[in-house]
Each structure stands twice: as C-alpha cells, then as structure tokens.
C-alpha cells in the first residue's frame, strides 16, 4: 500500500537520531545510513504533498506550503540537517526549471547532451 492511499494510515516516522557530533578535526561526523534514509523518506513525503497541491517552491510559497503540508514539512525538518532541508527545497526548483528548459529545447528541434558529452563535429 502507498504512503497516501485510502487504506490504513502509514506509521509515523521514527524519532530523529541525535545531532551529529564534531570529530577531532572539528568537522561533523556524516550521518549514517539510517539517518539518511529517514531524511529521504521525510523529504519524499513532503515533496509528494507539495506535488498534490501544485506547489513548486516551498520557500517562496511558504504560507501555502505550511497550510497544505505543514506537518510533513515539520517531519522533514526534524529528520534532516537544516542545510540539507534548504538544499533539497532549492534543488526542487532548479530541477523543475532544468526539465522545463530541456523540454523547450527539444520542442524547438534542438538536442540536449548529458554533461561531459559534446555533440559530434
């Protein structure tokens, strides 16, 4: 059953793991696999809610995002580092704009090459 099906509600996400501890060189210890998985699940649930409500940018459209998906945003912010939350929200908009640009180029008959691959001469 999917996350947002009409069946039984999905279980709540587990509590956020402890904040990362600084290492001996002052940098923070990277999150482990479980922490990353919780973050990605919370992010995906929040973004699915934004998609359902046709909200692209949760930073610019904060009031609409809070009204429609506030609880999921709280879970997202609780389960991810603040810098990750900001990055993922900004990246969502950048990826959308990139997809729209690619569609426009292809509609005009142009070709889009993947990064690192140049067109043949």
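Numbering (the UniProt record's numbering), first residue to last: 1 to 121. Idealized CB from N, CA, C, for every residue including glycine. None of these values were measured; they are calculated from a predicted model.
{"query": "Inside the segment 44-109 only - alpha helix (DSSP H) runs reaching at least 4 residues", "result": "62-79 and 82-107"}
{"query": "Cβ-Cβ distance between residue 80 and residue 50 below 8 Å", "result": "no"}
{"query": "For residue 40, three-class secondary structure by DSSP", "result": "helix"}
{"query": "Buried or exposed (CB count within 10 angstroms, at least 16 for buried), residue 85", "result": "buried"}
{"query": "C-alpha distance - residue 37 paired with residue 89, whole-angstrom precision", "result": "17 Å"}
{"query": "Test item: CB-CB of residue 111 and residue 119 under 8 Å", "result": "yes"}
{"query": "Option nearest residue 92 by Cα separation, candidates 43, 116, 31 and 32", "result": "43"}
{"query": "Residue 115 burial status per 10 Å Cβ neighbour count (16 or more: buried)", "result": "exposed"}
{"query": "Of the residues 107, 63 and 48, the one placed nearest residue 72, counting alpha carbons only", "result": "48"}
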